[in-house]
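Under the numbering used here, read the sequence shown as residues 1210 to 1296, first letter to last. Where a beta carbon is used, it is the ideal one built from N, C-alpha and C, also for glycine. In this text the structure is predicted, and so the values were computed from the model without any measurement.
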Amino acid sequence: AAATVAAERGHAVTLFDAASEIGGQFNVAKRVPGKEEFFETLRYFRNKVKSTGVDLRLNTRVDVQALVGGGFDEIILATGIAPRTPD
């Protein structure tokens, strides 16, 4: 959501995602029976990314050198979570 809000406010936004699709944990949650609404949430954000002109780069893991050398004015780092196994 930060990427699309920044783009709506006039910023040029590049969004990197190491995965092949946006959504992070939503992609896990949408597979849970009864949680099919997450498919719509993901569709909404895919359309929002496209309509706001966010430069989306999937399957792209970045490192410090790429970010510093990328000419970006500001960087938001959102790394997601690592799923945990219940005790």
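Apart from sequence neighbours up to five positions away, the residues of its chain that approach L1251 with a beta-carbon distance below 6 Å are G1232 and F1235, ordered along the chain.
Taking 4 residues as the shortest admissible run, the segment 1250 to 1295 contains the following complete alpha helix (DSSP H) segments, listed from N- to C-terminal end: 1273 to 1277.
Between the segment 1254 to 1261 and the segment 1276 to 1291 there are fewer than three C-beta pairs closer than 8 Å, too few to call the two in contact.
Between the segment 1278 to 1295 and the segment 1238 to 1250, the count of C-beta pairs closer than 8 Å stays below three; the two stretches do not touch. Here the alpha carbons of A1212 and D1282 stand approximately 14 Å from one another. For A1216, the uninterrupted alpha helix (DSSP H) run begins and ends at A1211 to E1217, by DSSP. Beta-bridge annotation (DSSP): F1225 is paired with R1266. Secondary structure note for V1237: its alpha helix (DSSP H) is the uninterrupted segment F1235 to A1238.
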